[in-house]
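Asker: One structure, pasted below without further comment.
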Amino acid sequence: MRPDLPAAFLSGYMMTITKDQLSLSKETRKKMVPYLLIAPVVIYYSMFWLFPVLNAIIESFKDVDGIWTFGNYIHIFKDPVFYEALSNTAFIVIFSVTIEFILAFGLALLINKKFRGSSMFLFLAMIPMSLPAVAVGAMWSSGLATRGWLNSFLMNFGFIDDASKILFLAGGKMSTMLLIIIIDAWTVIPFVMIILLAGLQGVGEDVREAGAIFGGTKFQILRKITIPMLKPTITTAMILRIISAIQIWLIIVLLYGFNRLPVLLEQVVLNYDQLGAEYFERIGLALSVVVAIIVSAAAIFYLKVSGSFEKEEKQDE
Amino acid sequence: MATLELIDIAKRFTKKVWGVKKMDLEVEEKEFIVLLGPSGCGKTTTMRMIAGLEEVTRGTILLDGKDITDIPPRDRGISMVFQNYAIWPHMSVYENIAFSLKLKKMPGAEIKQRVQETADMVKIGELLKRLPGQLSGGQQQRVALARALAVRPRLFLMDEPLSNLDAKLRVIMRTELKAIHQQTEATSIFVTHDQSEAMSMADRIVIMKDGEIVQIGSPDDVYFRSSNMFVAGFIGTPPSNFFTVKCEFKKEKISLKHSHFTLEIDSIGIEELKKYSGKEIVLGVRPEDLLVVADDKAVFTEEVLVVEPQGSHQVVALNLSETIVKMIVSAETKVNPGDKIGLGFNIKRIHFFDKETENRIPLISEA
Amino acid sequence: MNNVVKRQLRRSAKRTSLYIVLVGIAFIIIFPVFFLFSFSFMSDYETYSEWPKPLVPSFKANFMIDKNTEGYHLFIFNKSEDGFMPFGPLVFANNEKDIDSLRKFIKLQSNCKISSQKIVEYLKVVDNNSRVEFSIKKDLLANYILFFKVVNGAPKAVLNSLMVAGATILISLSIGGLGGYAFARYFFKGKNILKLSVLFVRMFPAVSLAIPMVIILAKMGLYDQPLGLSLVYSVGQISMSIWITASVFMSIPVSLEEAAMIFGTSKVGAFWHVTLPLALPGLAACAMYSFIGSWNEVIAAVVLTQFNPTFPVVVYKALVGSQGQINLITAGSVAQALPAIIFTLIIRKYIIQMWGGVKV
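Chains as they are written, first to last, in my numbering: chain A, 2 to 318; chain B, 78 to 444; chain C, 256 to 615.
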């Protein structure tokens, strides 16, 4: 420091420095606020999501005595039931998601108008998705039993007689899967419809009207305006559906019991909870890892195909 | 009633984006200052820094000589009217106005009296029990005003308070705000992008562009002595017309050569233009300073493109080599599109701008 | 003129077809749910001895007692047969033991309550007139009461479920709410990635999480405890809460908070005085959504409980193990479904808003 500098200037100089440093630290502190708010989420997810998931992966490579092994996975991939479960799940996912989407989209387009009692109708549409899975199971198992309410209903109205009762649950594999797809459709179509309706309302009447004014036919407007604008919503609906369709199991077990129509998650529960040996628990654990990988892969694959990642990058710029 | 000083304040949002680059301003006691500029010029950011809603990146804010730069908004002794009013929808009008008084632990009876007084002043004395949702936009605006006035602030900030009102109400509120200011004498800062609002209300207008002050001055200053082409082009409806001319000195006369016309004027009083002799400068002419004259006296004649009647006057647009020139003529003058009219200049009111810097060329005669 | 009529006709035809579609969808949705409810009110006799089964439960049952040389006989009116059918013990005598077992049988099979004296009175009438017909009001809630009496640990399970749901709401709303506020009010690095991963975490199979959690929770001493289960549920519910609360906070203008800060309070005070009261309905909806998710969940609960099952696990086990009559199980299912349905009714607006706002 130069000795000839006036003291006042010096002290002023010092002051600016300290103040600058102060305001800087304050600014950093302010920048930290969102991270502090988000920190509990991240911490919680590391403790109760990341940690168990990593744990599951590690444990799935160990046998009952804690020795590293591929045995669990070899067991799974050698088991023909796994492949049956895989193909059954794939069949159900592909058909149920497609059918549900087409029907839900059609219905959403049909009722995307203001009408009286719409609020009540939306509530009705939400009932199937708010019903607990076991209630859905009880409902259909009481309905599809040979002497269930479905046959009773048909008999009461004279569609069938006692001799021509329909054996809903006794069909072959194809009709079993079909039945599951129908029940699944009943449960989730209203839900998919609501998502699409919310999206359609976001698209707004004006853009479609503009399309009509400029001479588009109804189908052209749907294809060129409505569907492209609805794409984010469609992506959301599809991804939610694909992911939860892969995880179908409870309704199957409630209607048919275990092992009648093997699907992935049912096999996890069967191995883990029903067979009652630690060996099978580890098989169940490994299988749950496989299911998680399949679900993640399906989600990422769909996001990639639908171009959501590109959008994400664009937003970041 | 207070004085406000902004010393070299600046706001940086991200590494490259500056909200306010540099700002120095002194506001005197009881003054009504209007911050005016196009959107994105930093006027709202400046106000938010004064309010303490935005931290300054650099600089000092003094209120009554006291440094308030790092003081939280609540302790600054200011109040503010927001653009969207920001009145709390879950509180009644009374609760909205009384909010800050309650937090200051004012005695109940006094609060009641103060709220009633203030509400009466802005003519919502009858609405105290209502919820904001039950009020019209204009009434909500008055609630926001009452809430801000009830504090008896040292400094009164208004962020485009009239921009959400319809045109008619806006003009009424302008007058009322001015009357309230005369009554309360609170030092006020008013942000707007509407120049006629600024002209009609301000003691001084601060015109901003790209985060910097372009001109500070009374409404007359910024209108008649615009400091540069930006201000001349921003203030006034329609704004100034600009003509690029070549300047040549001939003894007592100056000839200003435009591609379409040549204007010869006396050089007395405008000797400062001498150093531009042989160079190009820009003429700024306000629409009312363009005159319809007989053809023999006309500087140039041109065909009328469009006529916009305004009731008290009419705006006539001409097309002069791909630039639209606008002028104001009296309502009685008969002009129709396609007419050829002769034009003259009100010589005394022509402004000269440097073509390079776009700044006004100062003339001694104005000083 | 003709055109106007045509246009009106076409418009009303359009409206009519819209309503036909709506009614059709509503019918398909309600149809099975109706039978779920209907079955839950039926007596064992209606469920198992009438064929085809009645579509609506009856509110009373008709009985007949007659007498021959062997003793008294009880009959019940069977709607599908349209006549009285033998009901209960083939023959009984007018003694205390027989009448008491008869009373119990009537209660169990037809959900009708009758006192022993009343039976004795009827028997006196039979003695005089050779037969008597009478009807008894059915106890509609009998299945519900019986379900909680018969099915092991059902009342305790409801309590467990409530505790799990309560803890889940507390955890997910506090942690998710903070996150939602950050998403709504701030820009920060990795915001988009985080928002997507939050959604992904929710989609992760619950069972893949529950199984490894068994060991972790056991180490923490929380296995088979309501709190342990709620820790697992919160993983999914936190992300849901983030999405819901973010949209709730976004709907509250920042300037309302700023105004509060100018008019005398701090950032925290502004949140407390302004943002929180305004967000309250949305936060309540979020809590209800968490409740529904936690109340309905089965698979993680199956894996993570042993002696302290939740209510859905009890119903699930009863159903899989065929531990009871179907009318009893439907009663259990309805009992489990009702809270979820009611909460859905309350928050339906928010559900639409939320799903309208979720964009992958």
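Yeah, the Cβ is synthetic: ideal placement off N, Cα and C, and Gly gets one too.
(1) Select from the stretch 494-520 of chain C all residues with a C-beta closer than 8 Å to any C-beta belonging to chain B, and list them in chain order.
(2) Given a limit of 8 Å on CB to CB distance, which residues of the stretch 173-186 of chain A reach chain C?
(3) Under the assumption that residue 372 of chain C contacts residue 479 of chain C (Cβ atoms under 8 Å), give the Cβ distance between them as a whole number of angstroms.
(4) Kindly indicate which residue of B:415, B:300, B:103 and B:204 has the alpha-carbon position closest to the one of residue 169 of chain B.
(5) Using three-state DSSP, classify residue 302 of chain A as helix, strand or coil.
(6) State the start and end residues of the unbroken alpha helix (DSSP H) segment that holds residue 144 of chain A.
(7) So what's residue 447 of chain C in DSSP terms, helix, strand or just coil?
(8) Using three-state DSSP, classify residue 229 of chain B as helix, strand or coil.
(9) Rounded to a whole number of angstroms, what is the C-alpha to C-alpha distance between residue 195 of chain B and residue 399 of chain B?
(10) Could you spell out the range, first to last residue, of the beta strand (DSSP E) harbouring residue 316 of chain C?
(11) Once the 5 residues before and after residue 437 of chain C are set aside, which same chain residues still bring their CB inside 8 Å of it?
(12) In whole angstroms, give me the CA-to-CA distance for residue 363 of chain C and residue 489 of chain C.
(13) Counting only beta-carbon separations shorter than 7 Å, does residue 567 of chain C have a partner in chain A?
(14) Would residue 457 of chain C and residue 491 of chain C qualify as a contact pair, given that the criterion is a beta-carbon distance under 7 Å?
(15) Kindly indicate the opening and closing residues of the alpha helix (DSSP H) around residue 258 of chain B.
(16) For residue 185 of chain A, count neighbouring Cβ atoms within 10 angstroms of its own Cβ and tell me buried if that reaches 16, exposed if not.
(17) Can the beta-carbon of residue 54 of chain A be found closer than 7 Å to that of residue 430 of chain C?
(18) Compute the minimum distance between the beta carbon of residue 327 of chain B and the heavy atoms of the ligand ADP, and state whether it is under 6 Å.
(19) For residue 405 of chain C, does the three-state DSSP call read helix, strand or coil?
(20) Who are the near neighbours of residue 101 of chain A in its chain, counting only those whose CB is closer than 8 Å to its CB and skipping five residues on each side?
(21) Whole angstroms are fine: how far does the CA of residue 404 of chain C sit from the CA of residue 247 of chain A?
(22) Considering only C-alpha positions, which residue in the set C:519, C:349, C:386 and C:296 is nearest to residue 322 of chain C?
(23) Would DSSP call residue 97 of chain A helix, strand or coil?
(24) For my contact list, residue 366 of chain B and residue 429 of chain B are in at a C-beta cut-off of 8 Å; report their separation, rounded to the angstrom.
(25) Answer with yes or no whether the minimum CB distance from residue 538 of chain C to chain B is below 7 Å.
(26) List the residues of chain B whose Cβ lies closer than 7 Å to the Cβ of residue 529 of chain C, in chain order.
(27) Would you mind telling me which residues of chain C sit closer than 7 Å to residue 128 of chain B, beta carbon to beta carbon, in chain order?
(28) Return no unless some Cβ of chain C is closer than 7 Å to the Cβ of residue 33 of chain A.
(29) Please specify which runs of the alpha helix (DSSP H), each continuous and at least 4 residues long, are wholly inside the stretch 332-388 of chain C, giving them in chain order.
(30) CA-CA distance, residue 500 of chain C and residue 414 of chain C?
(31) Which value, in whole angstroms, describes the spacing of the CA atoms of residue 118 of chain A and residue 604 of chain C?
(32) Quick one: list the residues of chain B neighbouring residue 532 of chain C, beta-carbon separation under 9 Å, in chain order.
(33) List in chain order: all unbroken beta strand (DSSP E) runs of 3+ residues lying wholly within the stretch 353-384 of chain B.
(34) Helix, strand or coil for residue 23 of chain A per DSSP?
(35) If we ignore side chains and look at the alpha-carbon of each, how far apart do residue 285 of chain A and residue 72 of chain A end up?
(36) Take the Cβ of residue 301 of chain C as the centre, count every other Cβ of all protein chains shown within 10 Å, and call the residue buried at 16 or more, exposed below.
Answerer: For this structure:
(1) 508, 510, 511, 513, 514, 515, 516, 517, 518, 519 and 520
(2) none
(3) That belief does not hold up - the Cβ atoms of residue 372 of chain C and residue 479 of chain C are roughly 49 Å apart, past 8 Å.
(4) B:204
(5) Correct three-state label for residue 302 of chain A: helix.
(6) 134-145
(7) In the three-state DSSP reduction, residue 447 of chain C falls in the helix class (H, G or I).
(8) Note: residue 229 of chain B maps to coil in three-state DSSP.
(9) 55 Å
(10) 315-323
(11) 443
(12) So the alpha carbons of these two residues sit roughly 42 Å apart.
(13) yes
(14) yes
(15) 244-261
(16) buried
(17) Cβ distance not < 7 Å, so residue 54 of chain A and residue 430 of chain C don't count as in contact.
(18) With respect to the ligand ADP, the structure shown offers nothing to examine, as it has no ligands at all.
(19) helix
(20) 185, 186, 189, 190, 193 and 242
(21) 37 Å
(22) C:386
(23) helix
(24) Between residue 429 of chain B and residue 366 of chain B the Cβ distance is about 13 Å, and since that is not below 8 Å, they are no contact.
(25) no
(26) 165
(27) 517
(28) no
(29) Runs of the alpha helix (DSSP H) inside the stretch 332-388 of chain C: 351-365 and 371-384.
(30) 28 Å
(31) 14 Å
(32) Neighbours of residue 532 of chain C on chain B, chain order: 165, 167 and 168.
(33) 357-362 and 367-370
(34) Bear in mind that a pLDDT of 49 at residue 23 of chain A, under 50, signals an unreliable position, so the number given afterwards is only what the model happens to contain. DSSP places residue 23 of chain A in helix when its eight states are reduced to three.
(35) 12 Å
(36) By the beta-carbon neighbour count (other beta carbons within 10 angstroms, threshold 16), residue 301 of chain C is buried.
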